[in-house]
Ligand code: SF4
C-alpha cells in the first residue's frame, strides 16, 4: 500500500461517528406519526374518572394509543402500535367527560398524546371552556422538543396547565417522585395560552 492510500485507510478507521441530533429525531417522530381521521382520536382504553395518580385532585384520564418512543421497560407497551386500540369521535369523548362530576381536571396519558395533537387539543379546549377543568398531559418528548416541533404539537402544549415531560429511563427510575417514574422527567407548570414555563418540579 502506498503512503497516501494508507493515510486514507487510517482516516477511515479513526473517523468519529457524526453527532446524533436526538431532538431532530424526536421532531421527526412527532411529524411522521399517522393521524386519525379529522374529528376522531385513537384511544388505548376507556375513559377514567376519580383518578388521583396522574395529576392534582380528582381527574378524568384520556388514554391515547400510539407511541414512537419505545422506552425500555415501559409499563404500557401495548399502547405503542399506531393501529392498535380503537377510534372514537372527539365529540363523543367530550359528551362522556361531561358526565363525570366533581373532577378538578383532565389528564392525557399514553401512549403518546403529542402524536395526536389536534384531537387532544380539541378535547382540551372543550373541557376548559365547558367544564372549567384544568388540563395536564404526559409526554415522552421533552418540552424543548415539542417547542421545536412547532405546529399542532406546540398548539396542544399551549392549551395545557401542566405537563410531565421526557421519556421513562429505567436507569433513573425513582418511584418517590410525584406523578413521575424517572428522575429525568419534569413536572412543568405552564401558562395557559402561551406555553411559558411558570414552575419546574
Ligand atoms: S413515552 Fe410513555 S408510553 Fe411511550 S414508551 Fe415511553 S413510557 Fe411507554
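In my numbering, the protein residues as written are 1155 to 1355. Just so it is clear, CB atoms sit at the ideal spot from N, CA and C, and this is done for glycine as well.
What's the C-alpha gap between residue 1223 and residue 1316?
-> Residue mapping note: residue 1223 aligns to position 69 of the chain shown, counting from 1. Residue mapping note: residue 1316 aligns to position 162 of the chain shown, counting from 1. Near 21 Å, if we compare the C-alpha coordinates of residue 1316 and residue 1223.
#### Entry: For residue 1194, the residue or residues it bridges with in DSSP
In the chain shown, counting from the first residue as 1, residue 1194 sits at position 40. According to DSSP, residue 1194 bridges with 1243.
- Query: Shortest alpha-carbon distance to residue 1244 belongs to which of 1215, 1330, 1332 and 1277?
  - Reply: In the chain shown, the residue the question calls residue 1244 occupies position 90. Nearest C-alpha to residue 1244: 1277.
- Query: Rounded to the nearest angstrom, how far is the Cβ of residue 1216 from that of residue 1247, given a contact under 8 Å?
  - Reply: Locating residue 1216 in the chain shown gives position 62, counting from the first residue. Locating residue 1247 in the chain shown gives position 93, counting from the first residue. With 8 Å as the limit, residue 1216 and residue 1247 qualify as a contact, their Cβ atoms being about 7 Å apart.
- Span of the alpha helix (DSSP H) holding residue 1340? Taking the first residue of the chain shown as 1, we reach residue 1340 at position 186. Where residue 1340 is concerned, there is no enclosing alpha helix (DSSP H), although the beta strand (DSSP E) it sits in stretches over 1340–1344.
Discussion item. Let's test the definition: count the other Cβ atoms within 10 Å of the Cβ of residue 1330 and tell me whether it reaches 16, buried, or not, exposed.
Written reply: As a position in the chain shown, residue 1330 is number 176, starting the count at 1. Residue 1330 is exposed by the Cβ-count criterion.
**residue 1099 Cβ short of 7 Å to ligand 1 heavy atom set** = Residue 1099 falls outside the range modelled here, since the chain spans only 1155 to 1355, and no answer is possible.
What do you reckon, are the CB atoms on residue 1268 and residue 1300 nearer than 8 Å?
-> Looking up residue 1268 in the chain shown gives position 114. Looking up residue 1300 in the chain shown gives position 146. In contact: residue 1268 and residue 1300 (Cβ atoms closer than 8 Å).
> Is there contact here, the region 1185–1202 with the region 1221–1240, by at least three beta-carbon pairs under 8 Å?
Replying inline: In short, these stretches touch, since the Cβ pair count reaches three.
ask   = CB-CB under 7 Å to residue 1254, same chain, minus the five flanking residues each way: which ones, in chain order?
value = In the chain shown, residue 1254 corresponds to position 100, counting from 1. Shown here for residue 1254: same chain residues with a beta carbon closer than 7 Å to its own, the five before and five after excluded, namely 1203 and 1214 in chain order.
inquiry  = Quick check: what's the CA-CA separation for residue 1270 versus residue 1193?
reply    = Stepping through the chain shown from its first residue, residue 1270 is reached at position 116. Stepping through the chain shown from its first residue, residue 1193 is reached at position 39. Taking the straight line from one Cα to the other gives about 11 Å.
Span of the alpha helix (DSSP H) around residue 1310
Walking along the chain shown from the start, residue 1310 turns up at place 156. Run containing residue 1310: 1305–1312, per the alpha helix (DSSP H) assignment.
For a quick check, are the C-beta atoms of residue 1322 and residue 1313 less than 8 Å apart? In the chain shown, residue 1322 corresponds to position 168, counting from 1. In the chain shown, residue 1313 corresponds to position 159, counting from 1. Here residue 1322 is not near residue 1313, since their CB atoms are 8 Å or more apart.
request  = Using a threshold of 8 Å, state whether the C-beta atoms of residue 1273 and residue 1195 are closer than that.
outcome  = The residue you call residue 1273 lines up with position 119 of the chain shown. The residue you call residue 1195 lines up with position 41 of the chain shown. By the CB criterion at 8 Å, residue 1273 and residue 1195 fall inside the cutoff.
query = Do the CB positions of residue 1209 and residue 1290 come within less than 8 Å of each other?
reply = Within the chain shown, the letter at position 55 stands for residue 1209. Within the chain shown, the letter at position 136 stands for residue 1290. Their beta carbons are under 8 Å apart, which means residue 1209 touches residue 1290 by this criterion.
Reference residue 1230, options 1354, 1198, 1304 and 1338, closest by Cα:
In the chain shown, counting from the first residue as 1, residue 1230 sits at position 76. Among 1354, 1198, 1304 and 1338, the Cα nearest to that of residue 1230 is on 1198.
Rounded to the nearest angstrom, what separates residue 1233 and residue 1265 at their Cα positions?
Translated into the one-based positions of the chain shown, residue 1233 becomes position 79. Translated into the one-based positions of the chain shown, residue 1265 becomes position 111. Roughly 5 Å separates the two Cα atoms.
Paired residues, beta bridge with residue 1184 - DSSP: Locating residue 1184 in the chain shown gives position 30, where the first residue counts as 1. In the DSSP output, where bridge partners are listed per residue, residue 1184 has none listed.
Under 7 Å: does the beta carbon of residue 1271 sit that close to some heavy atom of ligand 1? The residue given as residue 1271 occupies position 117 in the chain shown. No, the Cβ of residue 1271 stays beyond 7 Å of every heavy atom of ligand 1.
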